[in-house]
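Reviewing the structure listed below.
2 protein chains.
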Amino acid sequence: MLANGFAPSACAQTQQSIFVALSGAAAPGRNQLVKRDQTLFWVGDPVDGYYRVISGAVRLCKMMPDGRRQISDFFGPGDLILIELSAEHAFTAEAVTDSVICHYPRPTIDALLADPKFSRQLLTIACDRLVSAHHRMAVLGRKTAEERLATFLVTSAKRLPASRQVMSLPMSRADIADYLGLTVETVSRVLSKFRRDGLIDLPDSHSVRIMDRDQLERLSDGDA
Amino acid sequence: MLANGFAPSACAQTQQSIFVALSGAAAPGRNQLVKRDQTLFWVGDPVDGYYRVISGAVRLCKMMPDGRRQISDFFGPGDLILIELSAEHAFTAEAVTDSVICHYPRPTIDALLADPKFSRQLLTIACDRLVSAHHRMAVLGRKTAEERLATFLVTSAKRLPASRQVMSLPMSRADIADYLGLTVETVSRVLSKFRRDGLIDLPDSHSVRIMDRDQLERLSDGDA
DNA sequence: CGGTCAGTTGACTCTATTCAATAGAAGTGG
DNA sequence: CCACTTCTATTGAATAGAGTCAACTGACCG
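So the protein sequences, as listed, match chains G and P.
Residues -13 to 210 in this note's numbering are what the first sequence spells out, letter by letter.
Residues -13 to 210 in this note's numbering are what the second sequence spells out, letter by letter.
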């Protein structure tokens, strides 16, 4: 399943402390099982609390009237879904696979924000996410299809212990396409090319084995 | 010049409070004049403090080895350049035009972070920027050239008082192109088309008058 | 006044999309 | 458990939207 695959984000250290703070709080979060493709919250919903992915994965989406979709972020186990402090959600969050999500009611968080140590940690998480969002803008604005896929694979692999050989990608090709600003066909074609070129192996459609990480990294940086 | 043109961002309210907090601090910021195209900080520079745009405009860039560039954000008067709490800058910041920038040394900010009210405000700013970064990912990943330009114009206009007829765009066509993930030629062509179609007027290359805002908004949302 | 730079426009090219067909995996119900 | 449907992924051929290359114009600057 996913538990051993798609991994927590780079700022796991900080997020761990957050977890401790939240666990110790008067009102700890409440776990809920969310089935695949089920929605955590829609655009326009009130921000009535915060979510933390325990297992599985969540995608954050923006839809256009004609059906075009942009996935602006994925959240894996351990990740706190922190983007908005405003009154209403500007994005939709959906489960990529069956997931366990912990929900912290807004008052719990608001109370914890009085602690400068805690709010400093949240600020660190928000800034880390901001940095990776800005990196992703370069991916979407300036990189070729091959560079996008290489970046996606390398970044996903970085979240995992180097020991793991095969990485699990819980999301569909359509999810990857909407995350990278491409079409399913292009994603499929580029992955096939990477396989032909010996850069990766694809044991099944949700698993990838990185065969030539150096080459993939050069490709992702745009100097291959 | 620019002072009456490119405007502070949407979270001006919060940023105003920040300004008050910083002004009252023991070590207030130090103003510096930064000439056009001059660099505030480079990728890899230590994060030795924070900057606030007093007048002018700043662009945040990421460069690729072969010269491709993505501008991930513009900062206008009043904006606090807050993206990284890490040790090193991951982006380069440059002045779009001659600008006055206020610099707050890192200790000043770190001390203020002890105040939960202040750090809460910084968190709000960071989250606001995160939301707009995610919106921009949809622009870069899914919108056509016309939709990108329409979004850029409408968003820039929103920062200004509705009374202003003519909006000043301090940045060059190349800056706009690198912000929207296009080429200068495409930016130029689309703006010319908008002018022919009566959506905008271009008194000079750094000024735009919005003629048909409704149509531009429909275009930017992708249902035109 | 000459030179450089920014912006515009045109002609042609190419990368990724669209449309279409097929193959394979997964879920459903008898 | 197997037949049937449906969804996901892959591959091919044709198309289109934005990019590239190039020429030209007008500002700005020394």
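Every residue, glycine too, gets a C-beta built ideally from N, C-alpha and C.
- Cβ proximity to chain P below 8 Å picks out L99, A100, D101, P102, S105, R106, L108 from the region 85 to 108 of chain G.
- Counted as a single uninterrupted DSSP element, the alpha helix (DSSP H) harbouring S105(G) occupies residues 102 to 128.
- In this structure, the straight-line span from the alpha carbon of R150(P) to that of D198(P) is close to 14 Å.
- Note: R55(G) is bridge-paired with M49(G) in the DSSP secondary-structure output.
- Across the region 19 to 32 of chain P, no CB contact with chain G closer than 9 Å is found for any residue.
- In this structure, the straight-line span from the alpha carbon of T172(G) to that of P156(P) is close to 37 Å.
- Excluding sequence positions up to five before and after F180(G), its CB lies within less than 6 Å of the CB of I186, all in the same chain and listed in chain order.
- Here V29(G) is exposed: its Cβ has fewer than 16 other Cβ atoms, across all protein chains shown, within 10 Å.
- Beta-bridge partners assigned by DSSP to L19(P): V86(P).
- Secondary structure at D187(G): strand, using DSSP grouped into helix, strand and coil.
- Below 8 Å, enough C-beta pairs join the region 12 to 25 of chain G and the region 78 to 94 of chain G to call them touching: three or more.
- For I162(G), no beta strand (DSSP E) encloses it; the enclosing alpha helix (DSSP H) starts and ends at 159 to 166.
- Per DSSP, the beta-bridge partners of E74(G) are P32(G).
- In the three-state scheme derived from DSSP, where H, G and I count as helix and E and B as strand, A81(G) is classed as strand.
- The C-alpha of I69(G) lies about 15 Å from the C-alpha of G62(G).
- Look at the beta carbons and you see the region 43 to 62 of chain G not touching the region 97 to 115 of chain P: under three pairs across the two are nearer than 8 Å.
- Under the three-state reduction of DSSP output, L26(G) falls in the strand class.
- Looking at the DSSP output, P91(G) sits in a beta bridge with G35(G).
- E74(P) places its beta carbon 8 Å or farther from that of V125(P).
- Listed in chain order, the non-local C-beta contacts of D161(G) below 7 Å within the same chain comprise R45, I57, V82, local neighbours out to five positions each way being set aside.
- Beta-bridge annotation (DSSP): R195(G) is paired with V152(G), D187(G).
- Taking 8 Å as the CB threshold, Q201(P) stays off the interface with chain G.
- Taking C-beta atoms as the reference points, L166(G) and L139(G) fail to come closer than 8 Å.
- The residues L66, I67, L68, H89, Y90, R92, I95, in chain order, have a CB closer than 8 Å to that of Y36(P) in the same chain once the five nearest residues on each side in sequence are set aside.
- When rounded, the separation of the alpha-carbon atoms in R195(P) and L168(P) is 22 Å.
- Within its own chain, the residues whose Cβ lies closer than 8 Å to the Cβ of E203(P), once the five positions on either side in sequence are excluded, are A136, V140, listed in chain order.
- For A131(P), the closest C-alpha among the options R22(P), A163(P), L146(P), M153(P) is that of A163(P).
- The shortest CA-to-CA distance from D114(G) to any of F77(P), L146(P), A97(P) is the one to F77(P).
- Taking A112(G) as the centre and dropping the five residues before and after it, the same chain places the C-beta of L68 closer than 7 Å to its C-beta, in chain order.
- Under a 10 Å Cβ-count criterion, R122(P) is classified as buried, with 16 or more other Cβ atoms of the shown protein chains found around its own Cβ.
- By the neighbour-count definition (other C-beta atoms within 10 Å, threshold 16), A97(G) is an exposed residue.
- The residues S154, L155, P156, in chain order, have a CB closer than 7 Å to that of H192(G) in the same chain once the five nearest residues on each side in sequence are set aside.
- Listed as beta-bridge partners of S206(G) by DSSP are no residues whatsoever.
- Between A79(G) and A119(P), the CB-CB gap reaches or exceeds 8 Å.
- Within chain P, no C-beta atom comes less than 9 Å from the C-beta of T169(G); the nearest is roughly 11 Å away.
- With contacts defined as CB atoms closer than 8 Å, L116(G) and L109(P) fail to qualify as a contacting pair.
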